[in-house]
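A.B. asks:
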Amino acid sequence: MASGYLFKKFRELRGLTQKILGDKVNLSDVRIRQYELDMRNPKDDTLGNIAEALDVKPEYLKDPVYPYDFDEVVRLLFKLEDSIPIAIGKSRMADTEIHTVAFLGHNILKMDQALNAWRQMQNRFMDEEITWEEYEDWKANWPDSMDENYKFNRQNGSSTSYKKYIDRAQMQDDFLAYREMIEERGHKIEKMVVDFDDEPKNTKRKKKK
804 MASGYLFKKF RELRGLTQKI LGDKVNLSDV RIRQYELDMR NPKDDTLGNI
854 AEALDVKPEY LKDPVYPYDF DEVVRLLFKL EDSIPIAIGK SRMADTEIHT
904 VAFLGHNILK MDQALNAWRQ MQNRFMDEEI TWEEYEDWKA NWPDSMDENY
954 KFNRQNGSST SYKKYIDRAQ MQDDFLAYRE MIEERGHKIE KMVVDFDDEP
1004 KNTKRKKKK
C-alpha cells in the first residue's frame, strides 16, 4: 500500500486540511499534496514528523520490507481491511469443509492474541462504542494500543460512526461496480469524481452577474 494513501486517510480521519497538517510539520500544503499523491517520498525524519502530527506510529505509514517480521505481518492484515472486508472469528471444521489460513510457527500465540484483540475492536466499532477514527487509531498504534490503559488519540470532533462508514463503503463499491460495467461495454472513462463527504453540499451554480 502506498504511503500517500495512508497520509491522506489519517489526515482526513483527524479532520485536518493539507495546510493545517503542513503547518504542524513546517511544510507547505503543496508538499503534503505531493506526498499524498506519491509524487514525492518523505525522508525518514519528515515521515516521523508527519506520523507524530497524525498520532500514529511511523512504522504504520511505511511500506514493509520483505521478508516481513511479525509486527509487519499484523500491520499488513490491518491495512488489508482498506481493500476487502475482513471478519475475524473462530472456525470449527468438524462437519463443514472450508478453506482457512492458519498462522503457524513460534508466534502462533502472539498472532492469536493480536487477532482476538482486533476482533474485540471490530465488535466495539460495529456496536458504535467507538468511532472510525478511534478504530483506525487503535490499528495504527498497535502494539502499544494492546495496553489496557491505552487512550485513543482523538483529533476529529465529528468522526464517522460505523453506520456512516458502511454507507460510505457501499457508495464506493457501487461506484467501482458502475465504473467496471461502463468499461466492460467499451467506453473509456477519463475522469470520475465522487464526493464521500458526510454532509451534502449545495450543488446549485451561482448566477453570473
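For what it's worth, the working numbering labels the leading residue of the sequence shown as 804, then goes sequentially. Where is the CB? At the ideal position from N, CA and C, for every residue including glycine.
Using DSSP with H/G/I as helix, E/B as strand and the rest coil, what is K994?
C.D. replies: The predicted model places K994 with a pLDDT of 48, which falls under 50 and marks its position as unreliable; any figure quoted below should be read in that light. K994 falls in the coil class under three-state DSSP.
A.B. asks: Counting C-beta neighbours from all protein chains within 10 Å, is the total for E839 16 or more, i.e. buried, or is it exposed?
C.D. replies: buried
A.B. asks: Can you give me the Cβ contacts of S948 inside the same chain, cut-off strictly under 6 Å, excluding the 5 residues immediately before and after it?
C.D. replies: W941
A.B. asks: Could you tell me whether the stretch 839 to 855 touches the stretch 952 to 960, where touching means 3 or more Cβ pairs closer than 8 Å?
C.D. replies: no
A.B. asks: Quick one: using the 10 Å Cβ neighbour count with 16 as the cut-off for buried, is V904 buried or exposed?
C.D. replies: exposed
A.B. asks: Buried or exposed for Y938, please, with buried defined as at least 16 other CB atoms from any protein chain shown within 10 angstroms of its CB.
C.D. replies: buried
A.B. asks: Determine the extent of the alpha helix (DSSP H) in which L912 is found, giving its start and end residues.
C.D. replies: Residues 911 to 929.
A.B. asks: Assign K1012 to one of three DSSP states: helix, strand, or coil.
C.D. replies: Here the model assigns K1012 a pLDDT of 48, short of 50, so the residue's position is not dependable and the matter cannot be decided.
A.B. asks: Given a threshold of 16 other Cβ atoms within 10 Å of its Cβ, counted over all protein chains shown, does I969 qualify as buried or as exposed?
C.D. replies: exposed
A.B. asks: Whole angstroms are fine: how far does the CA of G825 sit from the CA of D885?
C.D. replies: 25 Å
A.B. asks: In whole angstroms, what is the alpha-carbon distance linking K846 and N944?
C.D. replies: 21 Å
A.B. asks: Taking C-alpha atoms, which residue in D841, M914, N844 lies nearest to F873?
C.D. replies: M914
A.B. asks: By alpha-carbon positions, which one of N926, F928, F906, S831 ends up nearest to V876?
C.D. replies: F906
A.B. asks: With DSSP as the reference, label I969 as helix, strand or coil.
C.D. replies: helix
A.B. asks: Keeping to the same chain, check which residues put their C-beta closer than 6 Å to that of L809; ignore five residues upstream and five downstream.
C.D. replies: L864
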